[in-house]
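Order-wise, the sequence lines are chains W and V. Be aware that the first sequence starts at 1, since it is given in our numbering, and climbs by one per residue. Be aware that the second sequence starts at 82, since it is given in our numbering, and climbs by one per residue. Even for Gly, the Cβ is constructed at its ideal location relative to N, Cα and C. Please read the structure below before turning to the comments.
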Amino acid sequence: MQMTRKMKINAAKTYVADKLGIDVPDLTDEEVMREIRADLKIGTVTAIAGSPRGIRAKYRIAEVLGINIRSVDLFKRDLGI
Amino acid sequence: MSKQILTRMGDGERLWMAASDIKADIEEGTADAADRGGIPVISDAEREQLFNIIADPSRIVSVSPGEEVIVSDDGCTMSFYSGQDGGGVGIPLSRQQAILTYERACGADSTSMGHSDYSFKPVKPIINFETGEYYNTSMVTTAPFFYGAQPNLGLYSQPDGPCPNPGELLPLGKITEARESQEQAAEYLKDDLVFIGKRLADVGLEGLNFDTCGSAGDADFLAALQAVEELKKAAPDLPILMGASGEFILGMHGEVIFDGKRLAGLYPQEQVKVVEAAGADIFGLAINTSTSESVAWNLARAVTFLKAATSASDIPIHANVGMGVCGIPMMEQPPIDAVTRVSKALVQIGKADGL
């Protein structure tokens, strides 16, 4: 959010927490975020075979947050999405 | 007898200091920043807060849950495979392996890659290698992924570059010639920054880091500002982090202007406004560490400058916390006690948006 919207840290955290439907302190709660990351397919810390990582996870992150990620935009253009 | 507190000097030396001496250093540090920058000192409550952070008996300190900030870096992944002169630990990893290790094993908030020289000029002749590696790696990274390097105007002066060396012209009293040389070098530098930025943007660059801007003075800073401006016109969606190299811009030229402001001598609260005007998304703030003063003195200065900058800024500010910057001791293995105290104070008192 700082990179794409020039948001300062508190505004950025509030934006992301709202999009995820959680409170700001939950963003750094490993127990909460582990489940959210797996459910939303935005990439988990430990490796789960077949679970999104890299461009697949970033594709989902861009959708969830409603932002453009330039590598994802290029990937989508190449695939005609 | 005053309570003794284990702390450090700006060169990393560990020592016991009396609480009264630490408080005096905090007073002097914030007063020094205020005097130099023309900004307010931190408040009595903030001085007390800073003292409590420094005096905390724990080896490692931290912010409270919910106060965390994110971390960007300047070639941190190079530290996996480089040697001592790059702050590196010498593990035989490829760049992509180092980036993924940093992201996944270290839990990095963002990551980056760059040329080992970490200047933009050497990137130009190998741009196809860099765009190829950036693209390949961006397909497997999940965290925001920057390409970063230093503008480093010095590489455009003889014998390394095409322009007469201002460092040789100035002692001869050839002020006009030295200025003309810097202006020419800045033009070459700006063109290279734009060329490299555009080529990387074409392969899906997620973020560009102009790191340590102004290291060769005000013309160096100007070239970076002009490059940001031009790149934002060509690729408005390209996020750009522009970081400074010191607490004020060195007037090696003395007369270069951007957005109606003379760049020479600008302090952070003024630097961030020209960076904003250029169109950058994040500003990296750097405050010099004095090795002969205590961490308390250095950190008081850093939070004073930072607080003034974050108050003036409309864009996020990341405080540079590398070796010898923003209160971190100037040594190749910054001690964790000092690093965490500096980080906590910069966030809680300076209101940093990131480190």
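Measuring alpha carbon to alpha carbon, tell me which residue in Asn-217(V), Ser-197(V), Val-402(V), Asp-301(V) is nearest Ser-238(V). Asp-301(V)
How should Ser-145(V) be labelled, buried or exposed, when 16 other C-beta atoms within 10 angstroms of its C-beta is the threshold for buried? exposed
Only counting runs of 3 or more residues, tell me where the beta strand (DSSP E) segments fall wholly within the stretch 255-339 of chain V, in order along the chain. 288-294, 321-325
Mind checking the stretch 305-324 of chain V against chain W and listing, in chain order, the residues whose C-beta falls within less than 9 Å of any C-beta there? Ala-316, Asp-318, Leu-319, Pro-320, Ile-321, Leu-322
Give me, in chain order, the residues of the same chain whose beta-carbon lies closer than 6 Å to that of Tyr-269(V); leave out the 5 immediate sequence neighbours on both sides. Tyr-237
What separation, rounded to the nearest whole angstrom, lies between the Cα atoms of Phe-210(V) and Tyr-183(V)? 22 Å
List, in chain order, every chain W residue whose beta-carbon is nearer than 8 Å to that of Val-284(V). Leu-74
Shortest alpha-carbon distance to Leu-20(W) belongs to which of Lys-58(W), Gly-80(W), Leu-40(W), Met-3(W)? Leu-40(W)
For Lys-388(V), which residues of its own chain have a beta-carbon under 7 Å away from its beta-carbon, when the five flanking residues on both sides are left out? Ile-123, Ile-430, Gly-431, Lys-432
Going by DSSP, what residue range makes up the beta strand (DSSP E) through Met-194(V)? 192-194
Output yes or no for whether 9 Å exceeds the beta carbon distance between Ile-396(V) and Glu-357(V). yes
Close beta carbons around Val-204(V), own chain, < 7 Å, minus the five adjacent residues each side: His-196, Glu-211, Ala-230, Ile-277
For Ile-417(V), does the count of other Cβ atoms within 10 angstroms reach 16, so buried, or fall short, so exposed? exposed
Beta-carbon within less than 6 Å of Ile-359(V)'s beta-carbon, same chain only, minus the 5 sequence neighbours each way: which residues are those? The sequence given here has Ala at residue 359(V), not Ile. Around Ala-359(V): Leu-306, Val-309, Glu-310.
Which class does Met-220(V) belong to by DSSP, given the choice of helix, strand or coil? coil
Can you give the Cα-Cα distance for Val-142(V) and Ser-160(V), rounded to whole angstroms? 24 Å
Looking at chain W, is there any beta carbon in it that lies within less than 9 Å of the beta carbon of Ser-175(V)? no
Given Cys-244(V), which residues of its chain have a CB within under 7 Å of its CB, disregarding the five upstream and five downstream residues? Tyr-237, Ser-238, Ser-262, Gln-265, Ala-266
Can you list the residues of chain V that Arg-53(W) reaches, using a CB-CB cut of under 8 Å? Val-221, Thr-223
Which chain V residues are close to Lys-58(W), counting only those with a beta carbon under 7 Å from its beta carbon? Thr-223
I need the straight-line Cα distance from Ala-57(W) to Ile-321(V), nearest angstrom please. 22 Å
Simplified DSSP assignment, three categories, for Leu-174(V): coil
Taking Cβ positions only, does Lys-6(W) come closer than 9 Å to chain V? yes
Please compile the residues from chain V whose C-beta is within a distance smaller than 7 Å of the C-beta of Thr-28(W). Pro-146, Glu-149
Could you tell me whether the stretch 58-78 of chain W touches the stretch 284-298 of chain V, where touching means 3 or more Cβ pairs closer than 8 Å? yes
Since Phe-201(V) and Pro-173(V) should fall inside the 8 Å C-beta cutoff, what is the C-beta to C-beta distance between them, to a whole number of angstroms? With a Cβ gap of about 27 Å, Phe-201(V) and Pro-173(V) do not count as contacting.
Using 8 Å as the threshold, is the stretch 344-353 of chain V in touch with the stretch 82-92 of chain V, meaning 3 or more CB pairs across them? no
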